Amino acid sequence: MHVILLGPPGAGTGTQGTILAQRLGVPKITTGDLLRDAIQKDNLLGRDAKRFMDRGELVPDKIILSLIKQQLVSPEAAKGIVMDSFPRTVRQAEAVNVMLMEQGERLKRVLLLDVPEEELVRRLLSRSAAEGRGDDTSELIQRRLHAYRESTAPLVGYYREMGILTIVSGTGTEEEITKRIEEVLGT
Ligand code: AMP
Numbered sequence: 001m002h003v004i005l006l007g008p009p010g011a012g013t014g015t016q017g018t019i020l021a022q023r024l025g026v027p028k029i030t031t032g033d034l035l036r037d038a039i040q041k042d043n044l045l046g047r048d049a050k051r052f053m054d055r056g057e058l059v060p061d062k063i064i065l066s067l068i069k070q071q072l073v074s075p076e077a078a079k080g081i082v083m084d085s086f087p088r089t090v091r092q093a094e095a096v097n098v099m100l101m102e103q104g105e106r107l108k109r110v111l112l113l114d115v116p117e118e119e120l121v122r123r124l125l126s127r128s129a130a131e132g133r134g135d136d137t138s139e140l141i142q143r144r145l146h147a148y149r150e151s152t153a154p155l156v157g158y159y160r161e162m163g164i165l166t167i168v169s170g171t172g173t174e175e176e177i178t179k180r181i182e183e184v185l186g187t
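Residue numbering for the sequence shown follows our numbering, starting at 1 and increasing by one per position.
1) In the structure shown, what three-state DSSP assignment does D48 receive?
2) So, does the region 25-36 touch the region 139-150, judging by three or more C-beta pairs under 8 Å?
3) Below 8 Å, how does it come out for the region 41-54 and the region 62-73: are there three or more Cβ pairs, yes or no?
4) If we call anything under 9 Å between Cβ atoms a contact, is V184 one with R109?
5) Pick out whichever of V73, I181, E161 has its Cα sitting closest to the Cα of G170.
6) Between the region 20-27 and the region 69-84, do at least 3 Cβ pairs fall closer than 8 Å?
7) Could you check whether the Cβ of Q22 sits closer than 8 Å to any heavy atom belonging to the ligand AMP?
8) To the nearest angstrom, how far is the alpha carbon of D84 from that of L155?
9) Please report how far the alpha carbon of A129 lies from the alpha carbon of L140, in whole angstroms.
10) Go through its chain and collect everything with a Cβ distance to G14's Cβ below 6 Å, but skip five positions before and after it.
11) Return yes when the Cβ of T152 is within less than 9 Å of the Cβ of R106, no when it is not.
12) When burial is assigned at 16 or more other CB atoms within 10 Å of the CB, is Q92 buried or exposed?
13) So, helix, strand or coil for T30, using DSSP?
14) Is any non-hydrogen atom of the ligand AMP found closer than 8 Å to the C-beta of R123, if you look at the structure I gave you?
15) In angstroms with no decimal places, state the Cα-to-Cα distance between I68 and I29.
16) Rounded to whole angstroms, what's the CA-CA distance from L6 to F86? Just pull it up for me.
17) State the DSSP-derived secondary structure class of S193, mapped to helix, strand or coil.
18) Compute the beta-carbon to beta-carbon distance between V96 and A11, rounded to the nearest angstrom, for a pair I have assumed lies under 8 Å.
Structure, rendered in structure tokens:
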């Protein structure tokens, strides 16, 4: 089952994506983690991506697509994938559709985790304090939310038109949100 968890920074797609991937027994693709990994390794791709991440901007599609291509077509992904924090632009979404089609697969569902903006900011600031994540300072949070509204929010309309979008409330306890997702997917 190929599923996308869509949502603004702080919506909880990472946590819920991990739970869902385990439940389905499929890998999870998290481009944010892959990028942080590349930065840690200090390879060319990591160095390129860091400039954008430090500014709270999206990393260009070309970099992201080269990063995920291998993962999408790997044998482990044949049964399905949970995609978290990816795709984040319509161009990335189109590329996913094409890559899946080439393998005779298609997206089963896109779940949008809906969380009010004040709550997102509160969560991101407390995560910043707890994990010391450099991209969660107040100013960067605003820029990342701006990038979401500009580039990622249009995906909502894109997937609605495909007829595979479901909006799920992302507030409440972790268990409550997991239950809502499972209900939608019938898992
Ligand atoms: P995240 O961990 O998902 O909050 O992502 C952290 C940062 O990584 C974002 O602010 C972006 O700069 C970058 N990033 C992660 N995933 C993507 C993506 N699919 N497309 C573009 N940029 C991304």
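The C-beta atom is built at its ideal place from N, Cα and C for all residues, glycine as well.
Source: prediction; values computed, not measured.
Taking the definition as stated:
1) D48: helix per DSSP, three-state reduction.
2) In this structure the region 25-36 does not lie against the region 139-150, because fewer than three pairs of beta carbons, one per stretch, are closer than 8 Å.
3) Yes, the region 41-54 touches the region 62-73.
4) Yes, these two residues count as a Cβ contact at 9 Å.
5) Of V73, I181, E161, the residue nearest in Cα terms is I181.
6) With the rule of 3 Cβ pairs closer than 8 Å, the region 20-27 counts as touching the region 69-84.
7) Every heavy atom of the ligand AMP is 8 Å or more from the Cβ of Q22, so no.
8) Here the alpha carbons of L155 and D84 stand approximately 14 Å from one another.
9) Each residue's Cα considered, the two are about 14 Å apart.
10) Once the five neighbours on either side are set aside, the close Cβ partners of G14 are D84.
11) With respect to the 9 Å criterion, R106 and T152 are not classified as neighbours on the basis of their beta carbons.
12) Flag for Q92 reads buried.
13) Residue state, collapsed to three classes: strand.
14) In this structure, R123 has its beta carbon at no less than 8 Å from each heavy atom of the ligand AMP.
15) So the alpha carbons of these two residues sit roughly 8 Å apart.
16) Going by the C-alpha atoms only, they are around 8 Å apart.
17) For residue 193 there is no data in the structure shown, the boundaries of the chain being 1 and 187.
18) Not confirmed; about 19 Å, so no contact.
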